[in-house]
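Asker: Under our numbering, the residues of the sequence shown are numbered 581 to 941, in order. Just so it is clear, CB atoms sit at the ideal spot from N, CA and C, and this is done for glycine as well. All values reported here derive from a predicted model rather than from experimental measurement.
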Amino acid sequence: MSNKTCPCCQHQTLVETDFRGHEIDVCRQCGGMWFDHHELNDVLSAYDNGHDDVDFNALLGEPLGQVERACPCCSKPLLGYHLLKEYHVEIDVCHDCEGVWIDQCELKEVKESPRIKDALDQLNKKVSRGSWIFQFLTMMPVEYNVKPHRTPWVTWSLIALNSVIFFAYFLDFELTLKVIDQFGSRPADFATGTNWWGPLTATFLHGSVMHLLGNMYFLYVVGDNIEDALGHWRFLAVYLLCGLGAGLISVLMNWGSTIPSVGASGAIAGLFALYMLWFRHASLTFMVFVWQKKLSPVWYFAIWLALDLLGMIIGGDGVDHWAHIGGFFFGLAVAMMLKDWVFERNPLLTMLSSPAAKLQR
Ligand SMILES: [Zn+2]
Ligand SMILES: [Zn+2]
């Protein structure tokens, strides 16, 4: 037993407890913890949060003034602080003793605070001249998201596979027609069972260089983060499932049609929904003429979906809109089913999605 009293419960004496090799003071009633001078730095430096030499005071955000809690060491009032400048969870500090009081519910976030700070620094970057030029020239969005932890080799392999398949037939016009005829998704043939494989094989075919480039760019943008969240094999399974789901919805909605459909767009539209639900903290830039703006994935994909619906109503653009829309809603169902599991496995996603994280767009 120490002679320190819990700043929260007030009459409860703190108990010295081993915490990763450090003797810290814990309240048995509320689970709060008192870290003496330097103890928190040592604990955070030893913890796997991407940093080995943490200076907690340098991370702290805005001071919030005195709180109605007394320092367990010197009994002076503690001072409230935002955990980080851009992460508004409140923790209590004593300036005299340089100790820190952490409530039990804040411990997870405090341990991850160096990683949260890195992530928010990435996410809150402003659009630059480089991002403007890129989007102006390519008409493709620029992504602001956390770098994935693991190498996205399934995403890269899918991009390589799609490209290899495309260039294996594309230079030969006759062969291109033959391949699309055989492996494209044609609803009329699907109905008779003559090419039941169409909805899946069509996912790996593209009709033009621009079609391939556009799809592969979006796969690259959203794929790496989703693969990181799910793990390699589960990501591959989800990708194929979305491709198949989109293909089948397209077949049903275009029932009897003899026009073959090809492209990874349906599978990628499914990934859009996963990205939208799991990476709400990310941003994708949207450009109107010369005006570029960072948008949340919800807004970005809402606009994308609206344009797709509009294209379907107007028609005549040769795009399989049902594969996009079907893939997206199929992906949305998958995203909702897996959300709790994914967030539980990726605490950083939970923290970045919480209202405590202050995002700048
Ligand atoms: Zn307590
Ligand atoms: Zn003190």
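Roughly how many angstroms separate the alpha carbons of T593 and H675, rounded to a whole number?
Answerer: 22 Å
Asker: Looking at C-alpha atoms only, which residue of K727, V789, I739, R860 is the closest neighbour of A847?
Answerer: I739
Asker: Taking 7 Å as the cut-off, does the CB of G630 come closer than this to any heavy atom belonging to ligand 2?
Answerer: Result no, Cβ not under 7 Å from ligand 2.
Asker: To the nearest angstrom, how far is the alpha carbon of L659 from that of C653?
Answerer: 14 Å
Asker: What are the start and end residues of each continuous alpha helix (DSSP H) run of 4 or more residues lying completely inside the segment 757–785, in chain order?
Answerer: With a minimum length of 4 residues, the unbroken runs of alpha helix (DSSP H) contained wholly in the segment 757–785 fall at 767–772, 778–781.
Asker: State yes or no: is the C-beta of G843 within less than 8 Å of the C-beta of H786?
Answerer: yes
Asker: DSSP on E686, reduced to helix/strand/coil?
Answerer: helix
Asker: Assuming P643 is part of the beta strand (DSSP E), what are its boundary residues?
Answerer: 643–650
Asker: Since H662 sits in a beta bridge, which residues does DSSP pair it with?
Answerer: E670
Asker: May I ask you to list the residues that DSSP assigns as paired with K706?
Answerer: DSSP, once it has assigned bridges, lists no residue as partnering K706.
Asker: Within the segment 783–870, note down every full beta strand (DSSP E) run reaching 3 residues or more, in order along the chain.
Answerer: 863–868
Asker: With a threshold of 7 Å (Cβ to nearest heavy atom), would K656 be considered close to ligand 2?
Answerer: yes
Asker: Taking 7 Å as the cut-off, is the beta-carbon of C653 closer than that to any non-hydrogen atom of ligand 1?
Answerer: no
Asker: Locate the beta strand (DSSP E) running through V943, then write down its first and last residues.
Answerer: Absent from the model: residue 943. The displayed extent of the chain is 581 to 941, so no value can be given.
Asker: Relative to the alpha-carbon of R695, which residue among P935, M931, R600, Q940 has its alpha-carbon at the smallest distance?
Answerer: Nearest of P935, M931, R600, Q940 to R695, Cα basis: M931.
Asker: Tell me the residue span of the beta strand (DSSP E) that contains F599.
Answerer: The continuous beta strand (DSSP E) containing F599 extends over residues 595–599.
Asker: Look at the alpha carbon of S711 and the alpha carbon of N583, and state the distance between them as a whole number of angstroms.
Answerer: 57 Å
Asker: From the DSSP secondary-structure annotation, give me the bridge partner or partners of K873.
Answerer: F866
Asker: As a quick check of your reading: which residues have a C-beta less than 6 Å from at least one non-hydrogen atom of ligand 1, in chain order?
Answerer: C586, C588, C589, Q592, C607, Q609, C610, G612
Asker: Say the cut is 7 Å; is the CB of G679 nearer than that to a heavy atom of ligand 2?
Answerer: yes
Asker: Among residues of its own chain, excluding the 5 on either side of D600, which ones have a beta-carbon nearer than 8 Å to its beta-carbon?
Answerer: What sits at residue 600 in the sequence shown is Arg, not Asp. Closer than 8 Å at Cβ, skipping near neighbours: V623, A626, Y627.
Asker: Tell me the DSSP secondary structure of M613 in three-state form.
Answerer: In the structure shown, the three-state DSSP call for M613 is strand.
Asker: What's the gap between the Cα of E686 and the Cα of D616?
Answerer: 17 Å
Asker: Could you tell me if the beta carbon of D676 falls within a distance shorter than 7 Å of some heavy atom in ligand 2?
Answerer: yes
Asker: Quick check on L751: buried or exposed, where buried means 16 or more other Cβ atoms within 10 Å of its Cβ?
Answerer: exposed
Asker: So, K919 versus E666, is the Cβ gap smaller than 8 Å?
Answerer: no
Asker: Check whether the Cβ atoms of N805 and N926 sit closer than 8 Å, and answer yes or no.
Answerer: no
Asker: Under DSSP, the alpha helix (DSSP H) around Y749 begins and ends at which residues?
Answerer: 733–749
Asker: Locate the alpha helix (DSSP H) running through A626, then write down its first and last residues.
Answerer: 619–626
Asker: Helix, strand or coil: how does DSSP classify E692 here?
Answerer: Look at E692 here: in three-state DSSP terms it is coil, with no helix or strand label.
Asker: Please classify G645 as buried or exposed, where buried requires at least 16 neighbouring CB atoms within 10 angstroms.
Answerer: exposed
Asker: Can you tell me which of the three DSSP states V922 falls into?
Answerer: helix
Asker: Buried or exposed: where does H823 fall if 16 or more other Cβ atoms within 10 Å of its Cβ makes it buried?
Answerer: Rather than His, the amino acid found at residue 823 in this sequence is Gly. The residue is buried, with at least 16 neighbouring Cβ atoms inside 10 Å.
Asker: Would M833 pass as a contact of W902 if the rule is Cβ separation under 8 Å?
Answerer: Cβ distance < 8 Å, so M833 and W902 count as in contact.
Asker: Given H791, which residues of its chain have a CB within under 7 Å of its CB, disregarding the five upstream and five downstream residues?
Answerer: G843
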